[in-house]
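**Student:** In the working numbering, the protein residues as written are -18 to 403.
Glycine residues also receive a C-beta, built at the ideal position from the N, C-alpha and C atoms.
Quantities reported herein were computed from a predicted structural model and do not represent experimental measurements.
Questions regarding the structure given below will be posed in turn.
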Ligand SMILES: *Cc1c(COP(=O)(O)O)cnc(C)c1O
């Protein structure tokens, strides 16, 4: 154990970690582009962009320059009653690239709170109109975060066990496939008729935490259409899918029916600082306007629209629209496709799927999602100098858009080696 690891163990409590059985956390001292460096000088390709955040590369110099300028100008200001340039410019830049019906931007700090805000907005939207609607619909095995509303909507039970009896009312539908689509539609209609449904919250086309489960835009559109016909608000959780990963700026662009609310975080601030946004339509915003204060949205986080975080997000959006980044996205998408051709018939590969720079494969082995074998596979990759975090028997790659060919080869090579040794 290194000194940093010993000191880490003394006072730190890590997320998603059973400290009695988990191995030590690895100290990372530096990151640049697609590469992480540990305290012994060993380097690793960041194959999952540090949980889908650092898409333009770690410590991106363009963003760094913008942050430095902002830090020297205005660090923090209360966002109730005050405003500032970076938040205004960011709202304009976001509205410019978000689906056409989005008009308003509300700030919070992380993906969970972005969804929490969206759920509260949906519930209060009906409350303000004098309608009581108390049910949310969500996909089975979706993931929307760890605060109570977001957690209630999440279907991954390992996260939720001790809290389930405190949840808000959530009804679930299965992720649609060619086979089950008519059943899912029927079940959605039944839920809507039998309950007072306020909103449907969904990860559009890719369920990140649920092992990168993917589904068809056409199917999702059918579900969204039913909800819209019944006045159920649509909340697209684009915390993972946002900012180019699926090949478009937002996954919602693949559908014809556009969401009423969109949650954004993760790549929004490019791995630099935490921030989140919930966007919504003019109609939602208007339902909160009144001469009495009671109809206002009384939700605030102290660091709402922090100017430094806003300047990071703004720089990120400029990068996202640059030729260099767009070419990076296309190139990685094509490289994934090539790699997929090479391995999808491998006897140790059960199935593969891809959307944009998101590539996932299921191993043809039985294993426990949090079992020992998961660590062996994780360690295999780390030994190869590649940081990937398998989700059960699923290996997925979601590299920064600036990952070079050589670095991609290293990632693919490490997967091939794993397949050959299983
Ligand atoms: C990560 C994630 C969240 C939660 O975001 P945090 O910033 O970790 O709170 C919510 N929804 C999706 C789809 C995510 O991938």
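In chain order, which continuous runs of the alpha helix (DSSP H) of length 4 or greater are located wholly inside the stretch 37 to 79?
**Tutor:** Counting only runs of 4 or more, we get 42 to 54, 66 to 78.
**Student:** Within 7 angstroms: the Cβ of residue 191 and any heavy atom of ligand 2?
**Tutor:** Ligands displayed in this structure: ligand 1; ligand 2 is not among them.
**Student:** Within 10 angstroms of its Cβ, does residue 113 collect 16 or more other Cβ (buried), or is it exposed?
**Tutor:** Locating residue 113 in the chain shown gives position 132, where the first residue counts as 1. Around the beta carbon of residue 113, a 10 Å sphere encloses fewer than 16 other beta carbons of the protein chains shown; the residue is thus reported as exposed.
**Student:** Taking 8 angstroms as the cut-off, does the stretch 37 to 51 touch the stretch 243 to 260 (at least 3 CB pairs, one atom from each stretch)?
**Tutor:** yes
**Student:** Along the chain, where does the alpha helix (DSSP H) containing residue 99 start, and where does it finish?
**Tutor:** Position 118 of the chain shown, counted from the first residue, corresponds to residue 99. Taken as a continuous stretch (DSSP letters only), the alpha helix (DSSP H) holding residue 99 covers 92 to 109.
**Student:** Please report how far the alpha carbon of residue 167 lies from the alpha carbon of residue 65, in whole angstroms.
**Tutor:** The sequence position of residue 167 within the chain shown is 186, counting from 1. The sequence position of residue 65 within the chain shown is 84, counting from 1. Distance between the alpha carbons of residue 167 and residue 65 is about 48 angstroms.
**Student:** Please state whether DSSP places residue 31 in a helix, a strand or coil.
**Tutor:** As a first step, residue 31 is located in the chain shown; it is residue number 50 there, counting from the start. Note: residue 31 maps to helix in three-state DSSP.
**Student:** Counting pairs of Cβ atoms below 8 angstroms between the stretch 27 to 34 and the stretch 232 to 250, do you hit three or more?
**Tutor:** Touching, per the Cβ criterion.
**Student:** Please tell me whether, using a cut-off of 7 angstroms, the distance from the CB of residue 127 to the nearest non-hydrogen atom of ligand 1 is below it.
**Tutor:** The residue given as residue 127 occupies position 146 in the chain shown. Yes, since a heavy atom of ligand 1 falls inside the 7 angstroms radius drawn around the Cβ of residue 127.
**Student:** Checking the sheet assignment: what are the DSSP bridge partners for residue 195?
**Tutor:** Sequence index remark: in the chain shown, residue 195 carries index 214 (1-based). Looking at the DSSP assignment, residue 195 forms a beta bridge with 187.
**Student:** Can you tell me whether residue 13 is buried or exposed, with buried defined as 16 or more other CB within 10 angstroms of its CB?
**Tutor:** Taking the chain shown and counting its residues from 1, one reaches residue 13 at position 32. Exposed is the call here.
**Student:** If the criterion is Cβ atoms closer than 8 angstroms, does the pair residue 403 and residue 329 meet it?
**Tutor:** For the purposes of this step, residue 403 is identified with residue 422 of the chain shown, where counting begins at 1. For the purposes of this step, residue 329 is identified with residue 348 of the chain shown, where counting begins at 1. Between residue 403 and residue 329, the gap from beta carbon to beta carbon is short of 8 angstroms.
**Student:** Taking only runs of the alpha helix (DSSP H) that begin and end inside the stretch 206 to 285, which ones reach a length of at least 4 residues, in chain order?
**Tutor:** 263 to 267
**Student:** What do you reckon, are the CB atoms on residue 288 and residue 57 nearer than 8 angstroms?
**Tutor:** Against the chain shown, residue 288 aligns to sequence position 307. Against the chain shown, residue 57 aligns to sequence position 76. Their beta carbons are under 8 angstroms apart, which means residue 288 touches residue 57 by this criterion.
**Student:** Take every Cβ of the stretch 229 to 239, pair it with every Cβ of the stretch 72 to 81, and state whether three or more of those distances are shorter than 8 angstroms.
**Tutor:** yes
**Student:** In this structure, how does DSSP classify residue 132 when only helix, strand and coil are distinguished?
**Tutor:** Working through the chain shown from its first residue, we reach residue 132 at position 151. Reduced to three states, the DSSP call for residue 132 is helix.
**Student:** Please classify residue 394: does DSSP put it in a helix, a strand, or coil?
**Tutor:** Translated into positions along the chain shown, residue 394 becomes position 413. DSSP places residue 394 within a helical segment (H, G or I) once states are collapsed to three.
**Student:** Below 7 angstroms, is the gap between the Cβ of residue 147 and the nearest heavy atom of ligand 1?
**Tutor:** Within the chain shown, numbered from 1, the residue matching residue 147 stands at position 166. No; taking the cut-off as 7 angstroms, the Cβ of residue 147 has no heavy atom of ligand 1 nearer than that.
**Student:** Please classify residue 292 as buried or exposed, where buried requires at least 16 neighbouring CB atoms within 10 angstroms.
**Tutor:** Looking up residue 292 in the chain shown gives position 311. It counts as buried.
**Student:** For ligand 1, I want to know if residue 70 counts as a neighbour, meaning its beta carbon is within less than 7 angstroms of at least one of the ligand's heavy atoms.
**Tutor:** Within the chain shown, residue 70 is the residue found at index 89, counting from 1. No - ligand 1 has no heavy atom lying nearer than 7 angstroms to the Cβ of residue 70.
**Student:** Quick check on residue 285: buried or exposed, where buried means 16 or more other Cβ atoms within 10 Å of its Cβ?
**Tutor:** Taking the chain shown and counting its residues from 1, one reaches residue 285 at position 304. Looking at its Cβ environment, which holds 16 or more other Cβ atoms inside 10 Å, residue 285 is buried.
**Student:** For residue 401, which of helix, strand or coil comes out of DSSP?
**Tutor:** Within the chain shown, residue 401 is the residue found at index 420, counting from 1. Of the three classes helix, strand and coil, the one that applies to residue 401 here is helix, per DSSP.
**Student:** So residue 342 is in the alpha helix (DSSP H); what residue range does that whole segment cover?
**Tutor:** As a position in the chain shown, residue 342 is number 361, starting the count at 1. No alpha helix (DSSP H) contains residue 342, which is instead part of the beta strand (DSSP E) from 339 to 344.
**Student:** Sort 98, 107, 237, 74 by Cα distance to residue 127 and report the nearest one.
**Tutor:** Mapped onto the chain shown, residue 127 falls at position 146. Comparing Cα positions, the closest option is 98.
**Student:** Just to check, is the beta-carbon of residue 48 closer than 7 angstroms to a non-hydrogen atom of ligand 1?
**Tutor:** Walking along the chain shown from the start, residue 48 turns up at place 67. Residue 48 Cβ: outside cutoff for every heavy atom of ligand 1.
**Student:** Under three-state DSSP, which class holds residue 297?
**Tutor:** For the purposes of this step, residue 297 is taken as the residue at position 316 of the chain shown. Here residue 297 carries a helix assignment [DSSP, helix/strand/coil].
**Student:** For chain D, is any of its Cβ atoms less than 8 angstroms away from the one on residue 250?
**Tutor:** In summary, chain D is missing from the structure at hand, where a single protein chain is found.
**Student:** Compute the distance between the beta-carbons of residue 257 and residue 89, then report whether it is under 8 angstroms.
**Tutor:** In the chain shown, residue 257 corresponds to position 276, counting from 1. In the chain shown, residue 89 corresponds to position 108, counting from 1. It is a contact, given that the beta carbons lie within the stated cut-off.
**Student:** Applying the 10 Å Cβ sphere with the 16-neighbour rule, what's the burial state of residue 47?
**Tutor:** What you label residue 47 is simply residue 66 of the chain shown in a count that begins at 1. Residue 47 is buried by the Cβ-count criterion.
**Student:** Any heavy atom of ligand 1 closer than 7 angstroms to the beta-carbon of residue 97?
**Tutor:** As a working note, residue 97 is residue 116 in the chain shown. Flag unset: Cβ of residue 97 not near ligand 1.
**Student:** Check whether the stretch 365 to 380 touches the stretch 185 to 193, counting contact only when three or more Cβ pairs, one atom from each stretch, lie closer than 8 angstroms.
**Tutor:** Segments in contact, yes.
**Student:** Helix, strand or coil: which one does DSSP assign to residue 165?
**Tutor:** Counting from 1 along the chain shown, the entry for residue 165 is found at position 184. Residue 165: helix per DSSP, three-state reduction.
**Student:** Is the beta carbon of residue 122 within less than 7 angstroms of some heavy atom of ligand 1?
**Tutor:** As a working mapping, residue 122 is identified with position 141 in the chain shown. No, the beta carbon of residue 122 sits no closer than 7 angstroms to any heavy atom of ligand 1.
**Student:** Would you grab the beta carbon distance between residue 306 and residue 382 for me? Rounded to a whole angstrom, and I think it's under 8 angstroms.
**Tutor:** In the chain shown, the residue the question calls residue 306 occupies position 325. In the chain shown, the residue the question calls residue 382 occupies position 401. Rounded to whole angstroms, the Cβ separation of residue 306 and residue 382 is 5 angstroms, and the two are in contact under 8 angstroms.
**Student:** Does the beta carbon of residue 398 fall short of 7 angstroms from some heavy atom of ligand 1?
**Tutor:** Counting from one through the chain shown, the residue named residue 398 turns up at place 417. Every heavy atom of ligand 1 is 7 angstroms or more from the Cβ of residue 398, so no.
**Student:** Note the first and the last residue of the continuous beta strand (DSSP E) segment covering residue 84.
**Tutor:** Stepping through the chain shown from its first residue, residue 84 is reached at position 103. First-last of the beta strand (DSSP E) with residue 84: 83 to 89.
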